[in-house]
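Notes follow once the structure below has been shown.
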Amino acid sequence: MINATTEAQIRARFIEMGIQCNQEIPLTVDEMRTLHEHKLPPGESPKCLLACVYRKANWLDDQGMFVSDSVRAIIETDYKDEPEKQNNVKQLFEQCSKVNEEKVSDGTKGCDRSALLFECLTQNAPKGRTVSQGGPGLLLLKGPPIFSHIVYF
């Protein structure tokens, strides 16, 4: 759950969730670097790390499904004074809610669906910043660069 009101608090919370998940599901330095470049590394661990972070952020339920209502509520709160950003972010997540219709091989684990969500967000987030500037998600994002579009749009 995200209990933060300022951008700095939100960043700190997502960094904390990412660190917690990396302790449970350790990634190599190369895998973390690849995620930072907004690419999904091969293998199960990166997908499951995403699922862990998404669950901690209340984006994924215990059945491994993307929880669009929860995300919508977060967006409405975090972007209440920025209606254009709020609308853009809502549209992005509505577009990516289709991941719940996809068949996955890991059942309720959520790793495969999290990978699908990651790919959808990556492909459909507004472009315009380089990875060194924080990546594409930061056009809309309130989150740390390493988890920018991974966890929080």
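Quick note on the working numbering: the sequence shown kicks off at 1316 and runs consecutively.
Positions of the beta carbon are idealized from the N, C-alpha and C atoms, including for glycine.
No experiment lies behind these values; they were computed from the predicted model shown.
CB contact flag (A1366, G1425, <8 angstroms): Here residue 1366 corresponds to residue number 51 of the sequence shown, with the count starting at 1. Here residue 1425 corresponds to residue number 110 of the sequence shown, with the count starting at 1. Going by C-beta atoms, A1366 is nearer than 8 angstroms to G1425.
Any 3 or more C-beta pairs closer than 8 angstroms across the region 1392-1400 and the region 1336-1343: no
Buried versus exposed call for I1325 [16 or more other C-beta atoms within 10 Å across all chains shown]: Here residue 1325 refers to the residue found at position 10 of the sequence shown. Buried, since its Cβ has 16 or more Cβ neighbours within 10 Å.
Every unbroken beta strand (DSSP E) within the region 1375-1429, with a cutoff of 3 residues, ordered by chain: none
As assigned by DSSP and simplified to three states, the class of H1353: Counted from its first residue, the sequence shown places residue 1353 at position 38. Coil.
Under the three-state DSSP convention, the category G1358 falls into: Here residue 1358 corresponds to residue number 43 of the sequence shown, with the count starting at 1. G1358: coil per DSSP, three-state reduction.
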